[in-house]
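Below is one structure; the comments refer to it alone.
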Amino acid sequence: SANPPVKDEL
Amino acid sequence: MNIFRLLGDLAHLASIFILVHKMHTTRSCRGISFKTQALYVVVFVTRYIDLFYSWISLYNFVMKIFFISSSCYILYLMKYRFRPTHDPTLDTFKVEYLAGPCFALALIFNYHFDFTEIMWTFSIYLEAVAIFPQLFMMQRTGEAETITTHYLAALGIYRALYIPNWIYRYYTEGTVDPIAIVAGIVQTGLYLDFFYVYFTKVLQGQKFELPA
């Protein structure tokens with residue numbers, strides 16, 4: 092299953 | 131960091147440089163929606179609250195500072211330096227119609243119900259629709275300066291390139307960010323009409339004109 096989102100985008 | 135993400139960020143940077151360049155060389159902000167630019171300040175300020183409590187990378191830090199400061203600088207140019215060249219009677223889209231529903235959606239659809247998370251989600255939704263006042267203004271005047279269309283193209287391409295970036299990240303890292311993905315697809319979708327005219331007319335050397 093998918094990992095939780097990582098907030099490293101702009 | 132992958133190539134789509136990097137090119138996307140570079141397109142975003144380019145869009146800002148094109149816009150500032152346009153204003154300085156023509157000494158005018160004609161054809162640019164102040165409301166859209168003000169919405170971008172709100173987008174960046176509400177999204178980058180994490181500057182205060184989380185360190186991701188130097189790249190990430192510098193870009194966030196750049197986006198906040200350049201968007202404020204653009205507002206300053208429009209509000210003070212080139213104020214006489216801005217026509218508020220053309221810039222009439224009601225931003226409440228965008229901000230209100232985005233905030234309501236952020237309260238309902240978010241990852242965690244806390245202040246910074248809701249602000250982040252709000253900024254993602256608001257960015258998706260922040261271009262509306264600009265598109266509305268072009269619809270009213272029926273035309274745009276070529277340099278303005280280059281700005282909009284770079285701005286649209288930025289989010290479009292994030293889409294393959296999300297696909298790439300799903301396969302390489304297994305990460306999925308449904309809020310950003312859905313909003314990003316909507317955001318890119320709003321540019322499709324514009325892209326069509328841009329690629330078929332402006333890049334062929336014709337003026338950007340909408341059918342009457």
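Protein sequences, first through last, are from chains G and B. Heads up, the first sequence is in my numbering, so the first residue is 92 and it goes up one at a time. Heads up, the second sequence is in my numbering, so the first residue is 131 and it goes up one at a time. Yeah, the Cβ is synthetic: ideal placement off N, Cα and C, and Gly gets one too.
Item: At a CB-CB cut-off below 9 Å, which residues of chain G make contact with Lys194 (chain B)?; Value: Leu101
Item: Would you mind giving the Cβ-Cβ distance between Ile198 (chain B) and Tyr178 (chain B), rounded to the nearest angstrom? I have them listed as a contact below 8 Å.; Value: 6 Å
Item: Just how far apart, CA to CA, sit Asp307 (chain B) and Ile277 (chain B)?; Value: 34 Å
Item: Taking Cβ positions only, does Asn240 (chain B) come closer than 8 Å to chain G?; Value: no
Item: May I ask you to list the residues that DSSP assigns as paired with Phe83 (chain B)?; Value: Chain B is shown only over 131 to 342; residue 83 (chain B) falls outside these bounds and no answer can be derived.
Item: Is Asp139 (chain B) buried or exposed, if buried means 16 or more other CB atoms sit within 10 Å of its CB?; Value: buried
Item: Any idea what DSSP makes of Thr330 (chain B), helix, strand or coil?; Value: helix
Item: I'd like to know whether the C-beta of Thr305 (chain B) is nearer than 8 Å to at least one C-beta of chain G.; Value: yes
Item: Could you round the C-beta distance between Thr272 (chain B) and Glu339 (chain B) to whole angstroms and report it? I think they count as a contact, below 8 Å.; Value: Correcting the residue identity first, residue 272 (chain B) is Gly in this sequence and not Thr. Rounded, the Cβ-Cβ distance is 6 Å, consistent with contact.
Item: DSSP puts Thr176 (chain B) in a beta bridge; with which residues?; Value: None; Thr176 (chain B) has no bridge partner.
Item: Check the C-beta distance from Val192 (chain B) over to Ser253 (chain B) and give it rounded, since I have them as a contact under 8 Å.; Value: That pair is no contact at about 19 Å.
Item: Run down chain G in chain order and give the residues with a C-beta less than 7 Å from the C-beta of Ile186 (chain B).; Value: Asp99
Item: Note down, in chain order, every chain G residue with its Cβ under 7 Å from the Cβ of Asp139 (chain B).; Value: Leu101
Item: What does Phe197 (chain B) touch in chain G if you count any residue whose Cβ is under 9 Å from its own?; Value: Leu101
Item: From which residue to which residue does the alpha helix (DSSP H) around Asn190 (chain B) run?; Value: Leu188 to Tyr206
Item: Whose CA, out of B:His280, B:Leu220, B:Ile311 and B:Met208, lies closest to the CA of Phe329 (chain B)?; Value: B:His280
Item: Reducing DSSP to helix, strand and coil, say where Thr219 (chain B) ends up.; Value: helix
Item: Report yes or no: do the stretch 255–272 of chain B and the stretch 212–231 of chain B share at least 3 C-beta pairs separated by less than 8 Å?; Value: yes
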